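Asks:
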Amino acid sequence: MKKVTVASLLKMKQEQQKIAALTAYDASFAKLFDDQGIDVILIGDSLGMVLQGADDTLSVSTQEIAYHTKCVRSGANRAFVIADMPFMSYSSPDVAYKNAASLMKAGASMVKLEGGEWLLDTIQGLVERSVPVCGHLGLTPQSVHVLGGFKVQGRESTQAEKLINSAKALEEAGIQLLVLECVPTSLAALVSAAVSIPVIGIGAGAQTDGQILVMHDMLGISANYMPKFSKNYLLECGNIPDAVSKYISDVKAQEFPGAEHSFE
Ligand code: KIV
0 MKKVTVASLL KMKQEQQKIA ALTAYDASFA KLFDDQGIDV ILIGDSLGMV
50 LQGADDTLSV STQEIAYHTK CVRSGANRAF VIADMPFMSY SSPDVAYKNA
100 ASLMKAGASM VKLEGGEWLL DTIQGLVERS VPVCGHLGLT PQSVHVLGGF
150 KVQGRESTQA EKLINSAKAL EEAGIQLLVL ECVPTSLAAL VSAAVSIPVI
200 GIGAGAQTDG QILVMHDMLG ISANYMPKFS KNYLLECGNI PDAVSKYISD
250 VKAQEFPGAE HSFE
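Under numbering that gives the first Met the number 0, think of the first position of the sequence shown as 0, with each following residue one higher.
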């Protein structure tokens, strides 16, 4: 079984094969997802909400992400493992270098940062120091209080144009993957076409290069609520391995997300 790498993810985009990704936070789920053929596992700061029961992701620390990254790493064999950099852990390039180093040492193969142009120097510096970087645009949950809630982004044309330009600037700075969250399907398609790196969508329609869901949402077991863009695969399949396998095959066959999971 060949390990997934940044090079194989790029090849998947070039060959128009969809990338299937899930969050995970422990070794058992990481192994189960890996065994079913998941391409990417993200240790998301969503763990603040789905594991810790918080209303948002802001309280999560780098140490917590590092702990869960170590757990996931020991369960994941084939999948590409990305660790989220939590709120304020990349507030300046030097802070980012220190925190990214601890996530890479815990077993991540890439770190993910939320935001646009203000991150260009940080991204360039991380890449120069051999830390692969994933960007995150659209709804960036660490900015929930600036955005005024967990809302769809990029519906106005100026906002949409800014988002496309940000994606291009992040690619130029060195990101090798981009997560695009909660934007209209048409905008996500434009962003995916505007950059040569793979774009993984969540609530961004079916025309991105891949999909990611928070595992608790995909299993319908999140403590708080079920986002419109997710689907309860456990309800449909009755057991966890089949639910994960069906999610992966639906993503690959472009049967998920449907219009009912997407935004206009
Ligand atoms: O924290 C997380 O789980 C994420 C995904 C929603 C992409 O960033």
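Quick reminder that beta carbons are idealized off the backbone N, C-alpha and C, glycines included.
Every value quoted in this text rests on a predicted model; they were computed, and no experiment measured them.
When you compare only the Cα positions, how much space is there between residue 56 and residue 0?
Replies: For the purposes of this step, residue 56 is taken as the residue at position 57 of the sequence shown. For the purposes of this step, residue 0 is taken as the residue at position 1 of the sequence shown. In a straight line, the C-alpha of residue 56 is about 34 Å away from that of residue 0.
Asks: Examine the ligand KIV and report whether any of its heavy atoms sits within less than 7 Å of the Cβ of residue 102.
Replies: Your numbering for residue 102 matches position 103 in the sequence shown. No, the Cβ of residue 102 stays beyond 7 Å of every heavy atom of the ligand KIV.
Asks: With the ligand KIV as the reference, list in chain order each residue whose Cβ lies under 7 Å from any of its heavy atoms.
Replies: 22, 41, 43, 44, 45, 56, 83, 111, 135, 140, 178, 180, 201, 211, 213
Asks: Output yes or no for whether 8 Å exceeds the beta carbon distance between residue 248 and residue 204.
Replies: Residue 248 sits at position 249 when you count from the first residue of the sequence shown. Residue 204 sits at position 205 when you count from the first residue of the sequence shown. No, Cβ-Cβ distance for residue 248 and residue 204 is not below 8 Å.
Asks: Between which two residues does the beta strand (DSSP E) harbouring residue 265 extend?
Replies: Past the boundaries of the shown model lies residue 265; the chain is included only from 0 to 263, so the question cannot be answered.
Asks: Considering Cα atoms alone, identify which of 131, 33, 22 is closest to residue 74.
Replies: Counting from 1 along the sequence shown, the entry for residue 74 is found at position 75. It is 33.
Asks: Assuming residue 211 contacts residue 20 (C-beta within less than 8 Å), just tell me the rounded distance between them.
Replies: Along the sequence shown, one-based indexing puts residue 211 at 212. Along the sequence shown, one-based indexing puts residue 20 at 21. Sure, about 4 Å apart at Cβ, within 8 Å.
Asks: Can you check which of these residues, 119, 113, 81, 117, is closest to residue 101 by C-alpha distance?
Replies: Here the question's residue 101 lines up with position 102 in the sequence shown. The residue with the shortest Cα to Cα distance from residue 101 is 81.
Asks: Does DSSP put residue 203 in a helix, a strand or coil?
Replies: Here the question's residue 203 lines up with position 204 in the sequence shown. Coil.
Asks: Give me, in chain order, the residues of the same chain whose beta-carbon lies closer than 7 Å to that of residue 194; leave out the 5 immediate sequence neighbours on both sides.
Replies: Within the sequence shown, the letter at position 195 stands for residue 194. Closer than 7 Å at Cβ, skipping near neighbours: 166, 167, 170, 177.
Asks: For residue 118, collect the residues of the same chain with a Cβ closer than 8 Å to its Cβ; drop the 5 residues on either side in sequence, then sort them by chain order.
Replies: Position 119 of the sequence shown, counted from the start, is the residue given in the question as residue 118. Taken in chain order, the residues that qualify are 89, 112, 134, 169, 172.
Asks: I need the straight-line Cα distance from residue 199 to residue 78, nearest angstrom please.
Replies: Along the sequence shown, read from residue 1 onward, the residue named residue 199 stands at position 200. Along the sequence shown, read from residue 1 onward, the residue named residue 78 stands at position 79. For residue 199 and residue 78, the distance between alpha carbons rounds to 15 Å.
Asks: Touch check for the segment 151-158 and the segment 177-186: three-plus C-beta pairs under 8 Å?
Replies: Yes, since at least three Cβ pairs between the segment 151-158 and the segment 177-186 fall closer than 8 Å, the two stretches touch.
Asks: Quick check: the segment 25-39 against the segment 237-251, are at least 3 beta-carbon pairs closer than 8 Å?
Replies: yes
Asks: Using CA coordinates, which residue listed in 218, 230, 237, 263 is at the minimum distance from residue 255?
Replies: Here residue 255 is taken as the residue at index 256 of the sequence shown, counted from 1. Nearest of 218, 230, 237, 263 to residue 255, Cα basis: 230.
Asks: Does DSSP put residue 14 in a helix, in a strand, or in coil?
Replies: For the purposes of this step, residue 14 is taken as the residue at position 15 of the sequence shown. In this structure, residue 14 counts as coil in the three-state DSSP scheme.
Asks: Nearest to residue 93 by alpha carbon, out of 232, 122, 23?
Replies: Looking up residue 93 in the sequence shown gives position 94. For residue 93, the nearest C-alpha among the options comes from 122.
Asks: Per DSSP, which one or two residues make a beta bridge with residue 210?
Replies: Taking the first residue of the sequence shown as position 1, residue 210 is located at position 211. 19, 200.
Asks: Shortest alpha-carbon distance to residue 227 belongs to which of 208, 202, 51?
Replies: Taking the first residue of the sequence shown as 1, we reach residue 227 at position 228. The residue with the shortest Cα to Cα distance from residue 227 is 202.
Asks: Keeping to the same chain, check which residues put their C-beta closer than 8 Å to that of residue 140; ignore five residues upstream and five downstream.
Replies: If you number the sequence shown from 1, residue 140 lands on position 141. These residues qualify, in order along the chain: 44, 45, 55, 56, 113, 149, 180.
Asks: If we ignore side chains and look at the alpha-carbon of each, how far apart do residue 49 and residue 104 end up?
Replies: Residue numbering aside, residue 49 sits at position 50 when the sequence shown is read from its first letter. Residue numbering aside, residue 104 sits at position 105 when the sequence shown is read from its first letter. Rounded to whole angstroms, residue 49 to residue 104 spans 24 Å at the Cα level.
Asks: Could you pull the DSSP bridge partners for residue 37 from this structure?
Replies: As a first step, residue 37 is located in the sequence shown; it is residue number 38 there, counting from the start. Residue 37 is not bridged to any residue.
Asks: Buried or exposed: which applies to residue 23, given that a residue is buried once 16 or more other Cβ atoms fall within 10 Å of its Cβ?
Replies: Sequence index remark: in the sequence shown, residue 23 carries index 24 (1-based). So residue 23 ends up on the buried side.
Asks: Looking at residue 42 and residue 67, is the spacing between their C-beta atoms short of 8 Å?
Replies: Reading the sequence shown from its first residue, position 68 is the one you call residue 67. Reading the sequence shown from its first residue, position 43 is the one you call residue 42. Yes, the Cβ-Cβ distance between residue 67 and residue 42 is below 8 Å.
Asks: Within a Cβ cutoff of 7 Å, which residues of the same chain sit near residue 197, ignoring the five residues on either side of it in sequence?
Replies: Here residue 197 is taken as the residue at index 198 of the sequence shown, counted from 1. If we look at residue 197 and ignore the five residues flanking it on each side, its Cβ neighbours are 8, 9, 11, 12, 18, 176, 208, 209.
Asks: Specify, as a first and last residue, the run of the alpha helix (DSSP H) that residue 245 falls within.
Replies: For the purposes of this step, residue 245 is taken as residue 246 along the sequence shown, with counting starting at 1. Where residue 245 is concerned, the enclosing alpha helix (DSSP H) stretches over 239-251.
Asks: What's the gap between the Cα of residue 53 and the Cα of residue 4?
Replies: Within the sequence shown, the letter at position 54 stands for residue 53. Within the sequence shown, the letter at position 5 stands for residue 4. Rounded to the nearest angstrom, the two C-alpha atoms are 33 Å apart.
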